[in-house]
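If you want this note's numbering, it's the position in the sequence shown, counting the first as 1, plus 143. Beta carbons: idealized from backbone N, C-alpha and C, even for Gly. Read the structure below first, then the notes.
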Amino acid sequence: MSNSTFEERLKPVKSILVSQPKPSDPKSPYYSLAKKYGIKIDFRPFIQVDPISAKEFRKQKIDILKHTAIIFTSRNAVDHFFSICKDLKIEVPADMKYFCISEQTAYYLQKYIVVRKRK
144 MSNSTFEERL
154 KPVKSILVSQ
164 PKPSDPKSPY
174 YSLAKKYGIK
184 IDFRPFIQVD
194 PISAKEFRKQ
204 KIDILKHTAI
214 IFTSRNAVDH
224 FFSICKDLKI
234 EVPADMKYFC
244 ISEQTAYYLQ
254 KYIVVRKRK
(Lines of atoms letter the chains of each structure in order from A and count residues from 1; the text may use other names and numbers.)
(Lines give C-alpha, C1' and ligand atoms only; values in the text may rest on other atoms or scores of the structure.)
Protein backbone atom coordinates (compact mmCIF):
# COMPACT_ATOMS: atom_id res chain seq x y z
CA MET A 1 0.00 0.00 0.00
CA SER A 2 1.48 3.33 -0.97
CA ASN A 3 1.80 6.18 1.48
CA SER A 4 -0.63 8.43 -0.45
CA THR A 5 -3.50 5.91 -0.37
CA PHE A 6 -2.84 5.30 3.33
CA GLU A 7 -3.16 9.03 4.07
CA GLU A 8 -6.33 9.24 1.98
CA ARG A 9 -7.93 6.53 4.12
CA LEU A 10 -7.17 8.35 7.36
CA LYS A 11 -9.88 10.77 8.35
CA PRO A 12 -9.39 13.52 10.90
CA VAL A 13 -11.18 13.02 14.21
CA LYS A 14 -14.07 15.45 14.53
CA SER A 15 -16.10 13.92 17.32
CA ILE A 16 -15.39 11.61 20.28
CA LEU A 17 -17.94 9.62 22.29
CA VAL A 18 -17.09 9.23 25.99
CA SER A 19 -19.04 6.58 27.90
CA GLN A 20 -19.53 8.48 31.14
CA PRO A 21 -21.69 11.34 32.41
CA LYS A 22 -20.69 14.86 31.43
CA PRO A 23 -18.17 16.26 33.93
CA SER A 24 -19.57 18.99 36.15
CA ASP A 25 -16.15 20.59 36.66
CA PRO A 26 -15.47 23.23 33.96
CA LYS A 27 -11.73 22.59 34.43
CA SER A 28 -12.07 19.00 33.23
CA PRO A 29 -9.30 17.98 30.79
CA TYR A 30 -11.95 16.96 28.26
CA TYR A 31 -12.88 20.58 27.68
CA SER A 32 -9.28 21.71 27.18
CA LEU A 33 -8.68 18.87 24.69
CA ALA A 34 -11.84 19.78 22.79
CA LYS A 35 -10.76 23.41 22.58
CA LYS A 36 -7.13 22.62 21.71
CA TYR A 37 -7.94 20.23 18.85
CA GLY A 38 -11.28 21.70 17.75
CA ILE A 39 -13.21 18.49 18.32
CA LYS A 40 -16.67 17.78 19.68
CA ILE A 41 -16.93 15.52 22.72
CA ASP A 42 -20.24 13.75 23.41
CA PHE A 43 -20.86 12.30 26.86
CA ARG A 44 -23.32 9.42 27.15
CA PRO A 45 -23.60 7.38 30.33
CA PHE A 46 -23.93 3.78 29.12
CA ILE A 47 -24.65 2.39 32.57
CA GLN A 48 -27.58 3.53 34.65
CA VAL A 49 -27.85 2.40 38.24
CA ASP A 50 -31.32 2.43 39.77
CA PRO A 51 -32.00 1.42 43.35
CA ILE A 52 -34.51 -1.32 44.02
CA SER A 53 -37.24 -0.87 46.57
CA ALA A 54 -37.14 -2.57 49.96
CA LYS A 55 -40.10 -4.68 48.84
CA GLU A 56 -38.23 -5.96 45.78
CA PHE A 57 -35.16 -6.65 47.91
CA ARG A 58 -37.24 -8.63 50.41
CA LYS A 59 -38.62 -10.78 47.55
CA GLN A 60 -35.07 -11.91 46.73
CA LYS A 61 -34.78 -13.36 50.25
CA ILE A 62 -31.25 -12.11 50.81
CA ASP A 63 -30.26 -12.04 54.47
CA ILE A 64 -27.64 -9.31 54.79
CA LEU A 65 -26.68 -10.40 58.30
CA LYS A 66 -25.64 -13.88 57.08
CA HIS A 67 -22.82 -12.28 55.11
CA THR A 68 -19.51 -11.25 56.67
CA ALA A 69 -18.30 -8.94 53.91
CA ILE A 70 -19.66 -6.65 51.21
CA ILE A 71 -18.02 -5.45 47.99
CA PHE A 72 -18.88 -1.94 46.81
CA THR A 73 -18.24 -0.96 43.21
CA SER A 74 -19.34 2.68 43.42
CA ARG A 75 -20.60 5.46 45.64
CA ASN A 76 -24.11 4.71 44.39
CA ALA A 77 -23.78 1.14 45.67
CA VAL A 78 -22.81 2.46 49.11
CA ASP A 79 -25.80 4.84 49.20
CA HIS A 80 -28.26 2.19 48.00
CA PHE A 81 -27.00 -0.47 50.41
CA PHE A 82 -27.31 1.71 53.49
CA SER A 83 -30.69 3.10 52.41
CA ILE A 84 -32.04 -0.47 52.06
CA CYS A 85 -30.63 -1.34 55.49
CA LYS A 86 -32.38 1.72 56.92
CA ASP A 87 -35.69 0.90 55.19
CA LEU A 88 -35.59 -2.71 56.39
CA LYS A 89 -34.45 -1.63 59.86
CA ILE A 90 -31.32 -3.76 59.63
CA GLU A 91 -28.49 -2.76 61.92
CA VAL A 92 -25.25 -3.67 60.19
CA PRO A 93 -22.79 -5.19 62.71
CA ALA A 94 -19.57 -3.31 63.48
CA ASP A 95 -17.46 -6.32 62.49
CA MET A 96 -18.83 -6.34 58.92
CA LYS A 97 -15.98 -6.16 56.40
CA TYR A 98 -16.14 -3.89 53.37
CA PHE A 99 -14.16 -4.07 50.14
CA CYS A 100 -14.15 -1.17 47.70
CA ILE A 101 -13.10 -1.12 44.06
CA SER A 102 -11.56 2.35 44.32
CA GLU A 103 -10.05 4.53 46.99
CA GLN A 104 -12.68 7.18 46.28
CA THR A 105 -15.44 4.68 47.13
CA ALA A 106 -13.60 3.70 50.32
CA TYR A 107 -13.42 7.33 51.45
CA TYR A 108 -17.11 7.77 50.66
CA LEU A 109 -17.94 4.67 52.72
CA GLN A 110 -16.57 6.47 55.79
CA LYS A 111 -19.70 8.63 55.67
CA TYR A 112 -21.66 5.59 56.91
CA ILE A 113 -19.21 3.62 59.05
CA VAL A 114 -16.58 4.20 61.72
CA VAL A 115 -13.19 3.13 60.44
CA ARG A 116 -11.28 0.85 62.78
CA LYS A 117 -7.51 1.18 62.82
CA ARG A 118 -5.49 -1.99 62.40
CA LYS A 119 -3.26 -3.05 65.27
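Sorted by chain position, which residues of the same chain lie with C-beta nearer than 6 Å to L231's C-beta, five sequence neighbours on each side aside? A197
Can you check which of these residues, P169, L153, Q191, is closest to Q163 by C-alpha distance? Q191
Could you check which residue in I205, L176, D193 has the C-alpha nearest to that of H223? H223 has its Cα closest to that of D193, out of I205, L176, D193.
How big is the Cα-Cα spacing for F225 and Y255? 8 Å
Measure the CB-CB distance between F200 and I227 and report whether it falls below 7 Å. yes
Report the option in G181, T216, R259, P236 whose CA atom is closest to the CA atom of L208. P236
Under 7 Å between the Cβ atoms of I244 and T211? no
With the cut-off set at 7 Å, would you say K165 and F189 are in Cβ contact? Contact flag unset, no.
Nearest by alpha-carbon distance to L160: which of T248, K204, Q253, I182 is it? I182
Pairwise C-alpha distance: R218 and S158: 30 Å
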